[in-house]
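What follows is a short report on a single structure.
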Amino acid sequence: MNTQTNISAAAQVVDKDWWRGAVIYQIYPRSYQDSTGDGIGDLKGITRRLPHIASLGVDAIWISPFFKSPMKDFGYDVSDYCDVDPMFGTLADFDALIARAHELGLKVMIDQVLSHSSDQHAWFKESRASRDNPKADWYVWSDPNPDGTPPNNWLSIFGGSAWQWDARREQYYLHNFLTSQPDLNFHCAEVQDALLETVRFWLDRGVDGFRLDTINFYVHDKELRSNPALPPEERDSSIAPSVNPYNHQDHLYSKNQPENLAFLERFRALLDEYPAATAVGEVGDAQRGLEIMGEYTAGDDRVHMCYSFEFLSGDQPDAARVVEVLTKVDTAAPDGWACWAFSNHDVIRHASRWNLDLAGQKAFATLLMCLRGSVCVYQGEELGLGEAEVAFEDLQDPYGIEFWPEFKGRDGCRTPMVWEKSNSNGGFSEGKPWLPVAPEHLVRSVAEQEEDPEALLHHYRRVLALRHAHRALSKGELGGLAQSGPVVSFTRSEAGEDIFCAFNLSGQAGEVSLPKGNWEQIGGVLSTDLPKAGPVALGPWQVALARRINE
Numbered sequence: 003m004n005t006q007t008n009i010s011a012a013a014q015v016v017d018k019d020w021w022r023g024a025v026i027y028q029i030y031p032r033s034y035q036d037s038t039g040d041g042i043g044d045l046k047g048i049t050r051r052l053p054h055i056a057s058l059g060v061d062a063i064w065i066s067p068f069f070k071s072p073m074k075d076f077g078y079d080v081s082d083y084c085d086v087d088p089m090f091g092t093l094a095d096f097d098a099l100i101a102r103a104h105e106l107g108l109k110v111m112i113d114q115v116l117s118h119s120s121d122q123h124a125w126f127k128e129s130r131a132s133r134d135n136p137k138a139d140w141y142v143w144s145d146p147n148p149d150g151t152p153p154n155n156w157l158s159i160f161g162g163s164a165w166q167w168d169a170r171r172e173q174y175y176l177h178n179f180l181t182s183q184p185d186l187n188f189h190c191a192e193v194q195d196a197l198l199e200t201v202r203f204w205l206d207r208g209v210d211g212f213r214l215d216t217i218n219f220y221v222h223d224k225e226l227r228s229n230p231a232l233p234p235e236e237r238d239s240s241i242a243p244s245v246n247p248y249n250h251q252d253h254l255y256s257k258n259q260p261e262n263l264a265f266l267e268r269f270r271a272l273l274d275e276y277p278a279a280t281a282v283g284e285v286g287d288a289q290r291g292l293e294i295m296g297e298y299t300a301g302d303d304r305v306h307m308c309y310s311f312e313f314l315s316g317d318q319p320d321a322a323r324v325v326e327v328l329t330k331v332d333t334a335a336p337d338g339w340a341c342w343a344f345s346n347h348d349v350i351r352h353a354s355r356w357n358l359d360l361a362g363q364k365a366f367a368t369l370l371m372c373l374r375g376s377v378c379v380y381q382g383e384e385l386g387l388g389e390a391e392v393a394f395e396d397l398q399d400p401y402g403i404e405f406w407p408e409f410k411g412r413d414g415c416r417t418p419m420v421w422e423k424s425n426s427n428g429g430f431s432e433g434k435p436w437l438p439v440a441p442e443h444l445v446r447s448v449a450e451q452e453e454d455p456e457a458l459l460h461h462y463r464r465v466l467a468l469r470h471a472h473r474a475l476s477k478g479e480l481g482g483l484a485q486s487g488p489v490v491s492f493t494r495s496e497a498g499e500d501i502f503c504a505f506n507l508s509g510q511a512g513e514v515s516l517p518k519g520n521w522e523q524i525g526g527v528l529s530t531d532l533p534k535a536g537p538v539a540l541g542p543w544q545v546a547l548a549r550r551i552n553e
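In terms of this note's numbering, the numbers along the sequence shown are unbroken and rise by one, the last being 553.
Below, the structure is given as structure tokens:
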């Protein structure tokens, strides 16, 4: 048989499960790299920096929205689902980005904001024109109560009522976010059909998958029943800050509806028409996040993976908290698949949120790459960037402007990526950046860290290489979960390989005992030395990694 034929056939083998255990690098396009000098990152800028991302060893990139938009919520208010906003470039630029990413072995995932559109979308303009036009029921409309008040008590995450009066129809429309982000009506089959066609548009262009924004917000209660009050002791600020009255309700009816499952099955059926397309959903729910994640990822006919906010908010998780969360996942989503993240474009960067020094950041990066599930890494996380202080006069985020100063919004985690420290813009742009570059970030630039073998950037490369070197870490089962003082430990197992992982998540000394059997250290500098006998002593933030030796 011809050798070249064998090579060609092998090249055509598609790994449908590439997403299972994959590491996905999130890009916030406004802040990654500007190629035009207008101070705003763009698609050509991302393409220029793809070699950096590939050098980390990640499997895929996720690009936050770059579609046409009035940018009231910076792209999460879409006015055209099938075109690129001129701010970011053109469809040709996107095609070039995909081609280059694939050359470098990177999959490309893009955000899909399906729960709502911009009020400037042609669909909404037609819908609001009258009560009897072809798209009249494409959005969620309701008559007022007899006294003129909104139809129920639903609240917007961005503050105030979730209902906005529209004088054209003399009705209220629903918006779970900004008033300029009207909610689409998923009870209308034509809406689902139209949204799925926009998904097909990008699949046909070569994307490998999607991040689904606010996946549990798609469907609302058809009867528009009011949400019950949530007792103060049950309130949780993981989704919205405590100063936001959104936390005062149990959102039984404004989201998390059972009809959502039927749409997710339609969505998955579309993805399955393509060789290896995948999706990760964002579950925004403070009370039932893990349960919804389990429900949405169970079986092979819904979304592949979801993430919730267990590690995206709150104080630094200690060993007990990690055990608690992983145990809950086993219970709530035994057949599902989690996607773990510590930082993203909506939350305070974890280096600041958890007040971590370099040793702490290295320990948590190693933990992240050893967890069962897939992983998202947010741009700049590999540099250890902390939350930037943004003055009120420089704020862009409407969320922060609304609740300032108790909640400063999301601009602090969205400031530009720093590539060098030679100028105040960190190599991001030749013009004035849309958000100021944090001066303290400049010393953590890519160029600076490339020259320092002890830098966090190189640590991320090492832990990514470790994850890929051991299939048990990327795809294996998790067992033996335990806490011993400040140390959390577990084993990962797959196809006869057992990996023991222990992490001291504190600045205090700890120790852990290896499971029975013979073990050898792995991970090189990532792991402390193993003793010949007895427990493993772990200094502050130290990690132990070992592989079982089969006799």
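Heads up, the beta-carbon is just placed ideally off N, CA and C, and yes, glycines get one too.
| task | Could you pull the start and end residues of the alpha helix (DSSP H) that asparagine 262 belongs to? | result | It spans 262-273 - the alpha helix (DSSP H) in which asparagine 262 sits, taken as one unbroken run.
| By Cβ distance, which residues of its chain are closer than 7 angstroms to alanine 367, with the 5 residues on each side in sequence left out? | His461, Tyr462, Val465, listed in sequence order.
| C-beta contact flag for arginine 349 and leucine 387 at 8 angstroms | Position check: residue 349 holds valine in this sequence, whereas arginine was assumed. Annotated as distal: valine 349 and leucine 387, with beta-carbon spacing of 8 angstroms or more.
| task | Check whether the Cβ atoms of serine 81 and glutamine 122 sit closer than 8 angstroms, and answer yes or no. | result | Result yes, Cβ atoms of serine 81 and glutamine 122 sit closer than 8 angstroms.
| task | Would you list the one or two residues that DSSP bridges to lysine 410? | result | Looking at the DSSP assignment, lysine 410 forms no beta bridge with any residue, so it has no partner.
| Helix, strand or coil at methionine 307 [DSSP, three-state] | Assignment of methionine 307 by DSSP, reduced to helix, strand and coil, places it in the strand class.
| message | In this structure, how does DSSP classify tyrosine 248 when only helix, strand and coil are distinguished? | response | Assigned with DSSP and collapsed to three states, tyrosine 248 falls in helix.
| query | Going by Cα to Cα distance, which pick from Ser426, Gly375, Trp140 is closest to cysteine 190? | reply | Taking only the C-alpha atoms, the option nearest cysteine 190 is Trp140.
| query | For valine 327, which three-state DSSP category applies? | reply | Three-state DSSP puts valine 327 in a helix.
| field | serine 182 versus valine 15 - alpha carbon distance | value | Distance between the alpha carbons of serine 182 and valine 15 is about 45 angstroms.
| said: I need the straight-line Cα distance from asparagine 427 to glycine 411, nearest angstrom please. | reply: Their backbone Cα atoms lie some 22 angstroms apart in a straight line.
| request: Less than 8 angstroms between the CB atoms is what I'm expecting for phenylalanine 212 and methionine 111, so what's the real figure, rounded? | output: In this structure phenylalanine 212 is in contact with methionine 111, their Cβ atoms being roughly 6 angstroms apart against a cut-off of 8 angstroms.
| task | Inspect the beta-carbon positions of cysteine 308 and valine 282 and report whether they are closer than 8 angstroms. | result | In this structure, the beta-carbon distance from cysteine 308 to valine 282 falls below 8 angstroms.
| query | Name the DSSP bridge partner or partners of lysine 109? | reply | According to the DSSP secondary-structure assignment, lysine 109 is paired through a beta bridge with Ala62.
| request: Would you mind giving the Cβ-Cβ distance between cysteine 503 and cysteine 372, rounded to the nearest angstrom? I have them listed as a contact below 8 angstroms. | output: Yes, cysteine 503 and cysteine 372 are in contact; Cβ-Cβ is about 5 angstroms, under 8 angstroms.
| message | According to DSSP, is threonine 7 part of a helix, a strand, or is it coil? | response | Summary for threonine 7: the model assigns pLDDT 41, below 50, so the residue's position carries little reliability; its value from the coordinates is reported in the next sentence. Assignment of threonine 7 by DSSP, reduced to helix, strand and coil, places it in the helix class.
| request: Name, in chain order, the residues that DSSP records as bridge partners for asparagine 425. | output: DSSP lists no partner for asparagine 425.
| said: Does valine 15 come out as helix, strand or coil in the three-state DSSP assignment? | reply: Note: valine 15 maps to coil in three-state DSSP.
| query | Quick one: Cα of leucine 157 to Cα of alanine 242, how far? | reply | Their Cα atoms are separated by approximately 12 angstroms.
| task | Could you say if the stretch 232-247 and the stretch 190-201 meet the contact criterion of at least three C-beta pairs nearer than 8 angstroms? | result | The way I'd put it, the stretch 232-247 doesn't touch the stretch 190-201; fewer than three beta-carbon pairs between them come closer than 8 angstroms.
| field | Nearest candidate by alpha-carbon position, reference threonine 280, set Gly541, Ile26, Gly536, Pro233 | value | Selected option, being the one with the closest Cα: Ile26.
| request: Note down the Cα distance separating glutamate 384 from histidine 352, rounded to an integer number of angstroms. | output: So the two alpha carbons sit approximately 12 angstroms from each other.
| query | At a cut-off of 7 angstroms, is leucine 197 close to the ligand MN when judged by its beta-carbon and the heavy atoms of the ligand? | reply | Summarising the ligand content, the structure contains no ligands, and the ligand MN is consequently not present.
| field | Alpha-carbon spacing of phenylalanine 430 relative to valine 420, whole angstroms | value | Computed Cα separation, rounded: 6 angstroms.
| query | At which residues does the alpha helix (DSSP H) containing serine 515 begin and terminate? | reply | Going by DSSP, serine 515 is part of no alpha helix (DSSP H) at all; its letter is neither H nor E.
| query | Which residues in the same chain have their Cβ closer than 7 angstroms to the Cβ of arginine 2, if we skip the five residues on either side of it in sequence? | reply | The chain is shown from 3 up to 553; residue 2 falls before or after that span and cannot be answered.
| said: Below 8 angstroms, how does it come out for the stretch 46-65 and the stretch 99-113: are there three or more Cβ pairs, yes or no? | reply: Contact check between the stretch 46-65 and the stretch 99-113: three or more CB pairs, one atom from each, fall below 8 angstroms, which counts as touching.
| From Glu452, Gly478, Glu456, Ile159, pick the residue whose C-alpha is nearest to that of glycine 375; which is it? | The shortest Cα separation from glycine 375 among Glu452, Gly478, Glu456, Ile159 belongs to Gly478.
| request: Measure the C-alpha to C-alpha separation of lysine 434 and aspartate 317 and round it to an integer number of angstroms. | output: Cα-Cα distance, rounded: 34 angstroms.
| task | Return the Cβ separation of leucine 292 and valine 331 in integer angstroms, given the expectation that the two are a contact with Cβ distance under 8 angstroms. | result | Confirmed, Cβ separation roughly 6 angstroms.
| query | Under the rule that 16 or more other beta-carbon atoms within 10 Å means buried, what is histidine 118, buried or exposed? | reply | So histidine 118 ends up on the buried side.
| query | Got a sec? Which residues, its chain only, sit under 6 angstroms from glycine 566 by beta carbon, not counting five neighbours each side? | reply | No statement about residue 566 is possible, as the shown extent of the chain runs from 3 to 553 and does not include it.
| request: Report yes or no: do three or more beta-carbon pairs, one from the stretch 495-515 and one from the stretch 529-543, lie closer than 8 angstroms? | output: Touching, yes, given that three or more Cβ pairs across the two stretches are closer than 8 angstroms.
| query | How many angstroms separate the CA atom of alanine 487 from the CA atom of alanine 321? | reply | For clarity, residue 487 is glycine in the given sequence; the question names alanine instead. Roughly 7 angstroms between the two C-alpha positions.
| Roughly how many angstroms lie between the CA atoms of lysine 70 and serine 491, to the nearest whole one? | Between the alpha carbons of lysine 70 and serine 491 lies a gap of roughly 46 angstroms.
| Any idea if glycine 91 is buried or exposed, counting beta-carbon neighbours within 10 angstroms, 16 or more meaning buried? | Glycine 91 should be labelled buried.
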